[in-house]
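Asker: Structure incoming, see below.
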Amino acid sequence: ATPTAVMVGTGVGASQGVLIKGGEALERARKVNCIVFDKTGTLTMGNPVVVKTKLLKNMTLGDFYELVAATEGNSEHPIAKAIVNHAKKFREDEENPAWPQAHDFLSITGSGVKATVKGREIMVGNKNLMSQHGVYIPKDAGEVLAEAEDMAQTGILVSVDRELTGILAVSDPLKPSARAAISILKSMNIVSIMVTGDNWGTANAIAREVDIDSVMAEAKPKQKAEKVKELQALGHVVAMVGDGINDAPALVAADVGMAIGAGTDIAIEAADIVLMKSNLEDVITAIDLSRKTFSRIR
Ligand code: ADP
Ligand code: MG
Numbered sequence: 607a608t609p610t611a612v613m614v615g616t617g618v619g620a621s622q623g624v625l626i627k628g629g630e631a632l633e634r635a636r637k638v639n640c641i642v643f644d645k646t647g648t649l650t651m652g653n654p655v656v657v658k659t660k661l662l663k664n665m666t667l668g669d670f671y672e673l674v675a676a677t678e679g680n681s682e683h684p685i686a687k688a689i690v691n692h693a694k695k696f697r698e699d700e701e702n703p704a705w706p707q708a709h710d711f712l713s714i715t716g717s718g719v720k721a722t723v724k725g726r727e728i729m730v731g732n733k734n735l736m737s738q739h740g741v742y743i744p745k746d747a748g749e750v751l752a753e754a755e756d757m758a759q760t761g762i763l764v765s766v767d768r769e770l771t772g773i774l775a776v777s778d779p780l781k782p783s784a785r786a787a788i789s790i791l792k793s794m795n796i797v798s799i800m801v802t803g804d805n806w807g808t809a810n811a812i813a814r815e816v817d818i819d820s821v822m823a824e825a826k827p828k829q830k831a832e833k834v835k836e837l838q839a840l841g842h843v844v845a846m847v848g849d850g851i852n853d854a855p856a857l858v859a860a861d862v863g864m865a866i867g868a869g870t871d872i873a874i875e876a877a878d879i880v881l882m883k884s885n886l887e888d889v890i891t892a893i894d895l896s897r898k899t900f901s902r903i904r
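Everything in the sequence shown is counted per the UniProt record's numbering, starting at 607 for the first residue and increasing by one.
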C-alpha cells in the first residue's frame, strides 16, 4: 500500500472510532488469526453490581457492610466500587456514608484486600486470599460460591478476624456486542480466547455465554502476556483486546494490541489500536480496514 492508502485507511478508521497508531499496526492487523480477550471490562460491561449477600454470622447487614466498605473504599478495583456502592444502601445518609477509618490497608493483586477496621481484621476477596491466610471455608459456603459462579457471577468472600463471615455475589453483564463479535470472528476463521484473573467457574460460565473457543482463568498480568507469546510461538498472529492495567503487558506483547476506549490510560497507551466506542465489533472493523488497505487488488 502507498503512504496515501495508509493515510486514507487510518482516516477512515478514525471516522469510525477506531484509532490506529501508525501504518505498521494497520498492516499487521490483516494477518491476525487469533485474538485474546480480557474478560472484565472487555467482554463484560465492567460495571459490576452486588446481586446477593449471604451472612454466615450473627451480624446485621449494616454492620457487615460498614466493615466491608471501609476496607474496599481504598481499592480501585471495579468489584470494590460495586461493593461500596451497594454498602451505601445500608447507611443512614447514602450521599455521605462516612465509613470508619481503615488501617494497614493492603491490596493483594489478583486476590483481594485486607485492612483493620474498628480493631478487627477484615479481608475481602477470593478463595485464594482466604486460604493464604488460613480462613476455613465450610462446605455450605463452597456451595453458595459454586452456585454464583455457575450463573456467571463472581463470588466474593469476607472474613472478620480470620472467620468467614459473609459471601457476596457480584454480577458483571456481558457487552451486547460480545457474542456477535466472537461469532463473526469464528466465521472468519479467527480463534478467540479469553484470559482473566477471575476464577475458573465464573470464567467458564461467561465463556459458554459468548461461545468463545477457549479460556484461561486465574491469570496474573504476566501470565496473560505469556499466553500471547505462547500463541505466537505456535505461529499465530495474535491480537490482544483489553482495558486494564493488568492487560498492558499482553497488549505490548501482542502483534496488535487493541485497547477498549473506556479502559485505563495505561492500556490505551500500551495498545496499537484504540476502540473508541468500546464496541467489540470494532475489532472486526479494524481487521477489515487493514485487509482493504493492504489488499493488492486495490
Ligand atoms: P480481573 O480484573 O480479570 O477480574 P484481577 O486480577 O483484578 O482480575 O482480580 C482477580 C480476582 O481477585 C477477582 O475476580 C476477585 O475475586 C479478586 N479481587 C481482586 N481485587 C479485589 C477487591 N478489591 N475486592 C474483592 N476481590 C478482589
Ligand atoms: Mg479488564
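No residue lacks a Cβ here, since even glycine has one placed at the ideal position from N, Cα and C.
Please state if the CB of Ile812 and the CB of Ile799 are separated by a distance shorter than 8 Å.
Answerer: Here residue 799 is taken as the residue at index 193 of the sequence shown, counted from 1. Here residue 812 is taken as the residue at index 206 of the sequence shown, counted from 1. No.
Asker: Below 8 Å, can you find three or more Cβ-Cβ pairs linking the segment 763-770 to the segment 723-735?
Answerer: yes
Asker: Leaving aside the five residues before and after Lys658 along the sequence, list all residues of the same chain whose C-beta is less than 6 Å from its C-beta, in chain order.
Answerer: Taking the sequence shown and counting its residues from 1, one reaches residue 658 at position 52. The residues are Ala775.
Asker: Out of Lys663, Pro706 and Val656, which one is the CA nearest neighbour of Gly679?
Answerer: As a working mapping, residue 679 is identified with position 73 in the sequence shown. Residue Pro706 is the option with its Cα nearest to Gly679.
Asker: What separation, rounded to the nearest whole angstrom, lies between the Cα atoms of Gly841 and Asp861?
Answerer: Counting from one through the sequence shown, the residue named residue 841 turns up at place 235. Counting from one through the sequence shown, the residue named residue 861 turns up at place 255. Spanning the two alpha carbons is a distance of roughly 12 Å.
Asker: With a cut-off of 8 Å, does the C-beta of Leu673 fall near any C-beta of chain C?
Answerer: The chain labelled as chain C is not found in the depicted structure, where only one protein chain is given.
Asker: Report yes or no: do the segment 667-678 and the segment 776-787 share at least 3 C-beta pairs separated by less than 8 Å?
Answerer: These segments do not touch.
Asker: For Val844 and Leu649, which I take to be in contact (beta-carbon distance under 8 Å), what is that distance rounded to the nearest angstrom?
Answerer: Residue mapping note: residue 844 aligns to position 238 of the sequence shown, counting from 1. Residue mapping note: residue 649 aligns to position 43 of the sequence shown, counting from 1. The Cβ separation is near 17 Å, so there is no contact.
Asker: When we look at the beta-carbon of His709 and count the other beta-carbons within 10 Å, is it buried (16 or more) or exposed?
Answerer: Looking up residue 709 in the sequence shown gives position 103. With fewer than 16 Cβ atoms within 10 Å of its Cβ, His709 is classed as exposed.
Asker: Can you tell me which residues fall inside 5 Å of ligand 4, judged by beta-carbon distance to its nearest heavy atom, and keep chain order?
Answerer: In the structure on display, ligand 4 does not appear, and the ligands it does have are ligand 1 and ligand 2.
Asker: Taking Val801 as part of the beta strand (DSSP E), name the residues at either end of that continuous run.
Answerer: As a working note, residue 801 is residue 195 in the sequence shown. According to the DSSP assignment, Val801 belongs to the beta strand (DSSP E) that extends over Val797 to Val801.
Asker: Can you find the residues in the same chain that come closer than 7 Å, C-beta to C-beta, to Gly772, ignoring five residues on each side of it along the sequence?
Answerer: By 1-based counting over the sequence shown, the position of residue 772 is 166. Thr659, Lys660, Leu661, Leu662, Phe670 and Val764, listed in sequence order.
Asker: At which residue ranges does the segment 787-841 contain complete alpha helix (DSSP H) runs of 4 or more residues, listed in the order of the chain?
Answerer: 806-816 and 827-839
Asker: How about Ile866: is its Cβ closer than 7 Å to a heavy atom in ligand 1?
Answerer: Position 260 of the sequence shown, counted from the start, is the residue given in the question as residue 866. No, ligand 1 has no heavy atom inside 7 Å of this Cβ.
Asker: Excluding the 5 residues flanking Lys781 on each side, which residues of the same chain have their C-beta closer than 7 Å to its C-beta?
Answerer: The count along the sequence shown starts at 1 and reaches residue 781 at position 175. Same-chain partners within the cutoff: Leu649, Thr650, Met651 and Leu886.
Asker: Have a look at Ala620, Lys645, Ile872 and Ala676 and flag the residue whose alpha-carbon is nearest the alpha-carbon of Ala825.
Answerer: Start at 1 with the first residue of the sequence shown, and residue 825 comes out as number 219. With distances taken between Cα atoms, Ala825 lies closest to Lys645.
Asker: Using the DSSP secondary-structure output, state which residues sit across from Arg726 in a beta bridge.
Answerer: Here the question's residue 726 lines up with position 120 in the sequence shown. Note: Arg726 sits in a beta bridge opposite Val723.
Asker: Among the candidates Gly803, Asn810 and Ala809, whose CA atom is the shortest distance from the CA of residue 907?
Answerer: Residue 907 cannot be examined here, being either before or after the span of the chain that is shown, 607 to 904.
Asker: Check the C-beta distance from Met692 over to Val656 and give it rounded, since I have them as a contact under 8 Å.
Answerer: Walking along the sequence shown from the start, residue 692 turns up at place 86. Walking along the sequence shown from the start, residue 656 turns up at place 50. Looking at the sequence itself, residue 692 is His, so the reference to Met does not match. Their Cβ separation, rounded to whole angstroms, is 4 Å, which keeps His692 and Val656 in contact under 8 Å.
Asker: Out of Ile866, Met613 and Trp806, point me to the one whose CA is closest to Ala753's CA.
Answerer: The residue given as residue 753 occupies position 147 in the sequence shown. Going by the sequence as given, residue 753 is Glu instead of Ala. The candidate whose alpha carbon is nearest that of Glu753 is Trp806.
Asker: Where does Met846 sit, in a helix, a strand or coil, going by DSSP?
Answerer: Taking the first residue of the sequence shown as 1, we reach residue 846 at position 240. Looking at Met846 - three-state DSSP - the assignment turns out to be strand.
Asker: Taking Ala631 as the reference, which of Glu769, Met822 and Val858 has the closest Cα?
Answerer: The residue you call residue 631 lines up with position 25 of the sequence shown. Among Glu769, Met822 and Val858, the Cα nearest to that of Ala631 belongs to Val858.
Asker: Identify the continuous alpha helix (DSSP H) that holds Glu672 and give its terminal residues.
Answerer: Position 66 of the sequence shown, counted from the start, is the residue given in the question as residue 672. First-last of the alpha helix (DSSP H) with Glu672: Leu667 to Glu678.
Asker: Decide if Pro744 is buried, meaning its Cβ has at least 16 other Cβ atoms within 10 Å, or exposed.
Answerer: For the purposes of this step, residue 744 is identified with residue 138 of the sequence shown, where counting begins at 1. When all chains shown are included, Pro744 counts as exposed.
Asker: Can Ala675 be considered in contact with ligand 1, in the sense that its beta carbon sits closer than 7 Å to one or more heavy atoms?
Answerer: If you number the sequence shown from 1, residue 675 lands on position 69. False, no ligand heavy atom lies under 7 Å from that Cβ.
Asker: If we ignore side chains and look at the alpha-carbon of each, how far apart do Val638 and Gly869 end up?
Answerer: To locate residue 638, count along the sequence shown from 1; it is residue 32. To locate residue 869, count along the sequence shown from 1; it is residue 263. So the alpha carbons of these two residues sit roughly 22 Å apart.
Asker: Using only the heavy atoms of ligand 1, determine whether one of them is closer than 7 Å to the beta carbon of Val880.
Answerer: Residue numbering aside, residue 880 sits at position 274 when the sequence shown is read from its first letter. No.
Asker: Can you check whether the CB of Gly623 is closer than 8 Å to the CB of Lys883?
Answerer: Your numbering for residue 883 matches position 277 in the sequence shown. Your numbering for residue 623 matches position 17 in the sequence shown. Taking 8 Å as the Cβ cut-off, Lys883 and Gly623 qualify as a contacting pair.
Asker: Compute the Euclidean distance between the alpha carbons of Ala758 and Ala611, then round it to the nearest angstrom.
Answerer: Here residue 758 refers to the residue found at position 152 of the sequence shown. Here residue 611 refers to the residue found at position 5 of the sequence shown. Each residue's Cα considered, the two are about 44 Å apart.
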